[in-house]
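First the structure, in the form of structure tokens, and then the observations on it.
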Amino acid sequence: MDVSVVVPLYNEEESLPELCAWINKVAAANNYTYEIVLVDDGSTDGSWKVIEQLSENNAHIKGIKFQRNYGKSAALNEGFRVVTGEVVITMDADLQDSPDEIPPLREMVLAGNYDLVSGWKKKRHDPIGKTIPSKFFNWVTKKTTGIRLHDFNCGLKAYRLNVVKNIEVYGEMHRYIPVIAKWSGFKKIGEKVVEHRARKYGTSKFGIERFIKGFLDLASILFVGKFGKRPMHFFGSWGTLSFIFGFTVFVYLTISKFFFDKSGLTQRPLFFFAILAMIIGTQLFLTGFIAELITRNSPNRNQYLVEKKMRC
Ligand code: UDP
Ligand code: MG
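Going by my numbering, the first residue of the sequence shown is number 15, and it counts up by one from there.
Written out as structure tokens, the structure reads:
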């Protein structure tokens with residue numbers, strides 16, 4: 015199959031017929047063998063009814079419906095489990111992404127041998143309260159991960175099939191899929207400027223809390239990517255550092271008490287500082303042990319992505 019289009023959606027009944035008709039038109043014009051996987055993320059409007067109707071009239075259209083709203087990441091992840099196309103395209107249901115971008119994205123993945131090509135909404139049609147924080151996020155993500163993209167959270171992306179089969183998008187990590195892909199070992203990540211349109215029907219499904227969650231998710235993803243398989247290296251080094259620091263100060267205070275400054279130890283603010291540093295250090299160290307125990311027992315503790323093999 016040439017291309018699979020995965021569309022996560024939550025209460026988008028008005029947009030779906032238009033979106034599917036447009037994708038069908040593009041696929042027919044390019045002679046693609048294709049599928050459209052509509053993942054209904056627990057919609058409470060008539061979205062699923064619309065999907066059933068669309069699917070009855072067109073065998074290329076497939077649907078999955080969640081029992082409740084789990085979030086865009088979960089919907090994408092579920093869609094990724096069933097797709098079979100050589101190239102997998104994700105796009106939002108709200109017609110903000112244009113299906114006309116499918117052929118050039120697919121071309122770019124195949125011709126450029128890319129693992130992932132992310133859309134870049136260079137000219138955005140979103141309120142300013144969204145575009146400015148988003149600029150900041152993209153800048154921080156670029157700096158901290160070293161991935162040179164302008165628009166990490168663009169809904170329109172193209173993947174090689176084995177990429178989506180080997181990454182896990184959970185929580186609200188759909189904002190950082192390129193980061194997840196990179197940590198999984200998919201290095202060839204590209205970018206293409208795509209057309210972005212104003213939302214035609216309905217309203218945005220993400221509120222202001224997106225920024226707080228976005229920040230926390232970035233912190234977790236950086237941590238898991240770097241120390242997920244060896245948490246003790248993080249907690250242990252900071253814990254040891256903190257403990258040694260506190261202990262040194264403590265030794266200094268003790269010596270100075272006996273030889274120079276005969277006033278009480280507890281009179282000196284530095285004393286509390288030393289105790290605090292030792293307690294925090296010990297706690298970090300113990301957290302490291304617990305984290306190691308947890309990772310040792312995780313089912314994928316020894317799973318690695320093998321790129322190539324010879325004679326085995
Ligand atoms: N979406 C989803 N589950 C959710 C929230 C959103 O599947 O819990 C879908 C939504 O229907 C749309 C896409 O994710 O297809 C992007 O959402 P939206 O357009 O509201 O985000 P924005 O464009 O405002 O960033
Ligand atoms: Mg949108």
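Think of the CB as a built atom: it goes at the ideal place given N, C-alpha and C, for glycine as much as any other residue.
In the DSSP assignment, Val21 forms a beta bridge with Leu52.
In the DSSP annotation of this structure, the continuous segment of the alpha helix (DSSP H) that includes Ala195 starts and ends at 191–197.
Between the alpha carbons of Ile304 and Leu230 lies a distance of about 22 Å. Spatial neighbours of Lys219 in its own chain (CB-CB distance under 6 Å, excluding positions within 5 residues in sequence) are listed in chain order as Tyr24.
Any heavy atom of the ligand MG within less than 6 Å of a residue's beta carbon puts that residue on the list, which reads Asp106, Asp108, Gln110, Arg213, Ser218. Gly99 is a Cβ neighbour of Ser18, given a cutoff of 8 Å.
Residue pairing by DSSP places Ala172 opposite Ile103, Val131 in a beta bridge.
Lys201 is the residue among Cys168, Met15, Lys171, Lys201 whose C-alpha sits nearest the C-alpha of Thr159.
DSSP places Ile78 in the strand class (E or B) of the three-state scheme. Where Ile203 is concerned, there is no enclosing alpha helix (DSSP H), although the beta strand (DSSP E) around it starts and stops at 203–207.
Residue range 245–273 is occupied by the alpha helix (DSSP H) that includes Tyr266. In the DSSP assignment, Gly185 falls outside any alpha helix (DSSP H) and carries neither an H nor an E. Short note on Glu209: C-beta not closer than 7 Å to any heavy atom of the ligand UDP. Ala89 sits close to Val53, with the two beta carbons spaced by under 8 Å. Annotated three-state conformation of Asp111 is strand, per DSSP.
Asp231 has its CB no nearer than 7 Å to any heavy atom of the ligand UDP. Residue environment: Thr155 is assigned as buried (16 or more neighbouring CB atoms within 10 Å of its CB, all protein chains considered). Annotation for Gly228: the continuous alpha helix (DSSP H) segment containing it runs 224–241. Following the DSSP letters along the chain, one finds Ile161 in no alpha helix (DSSP H), marked with neither H nor E. Contact annotation, Pro22 with Asp59: C-beta distance approximately 15 Å; criterion of less than 8 Å not satisfied.
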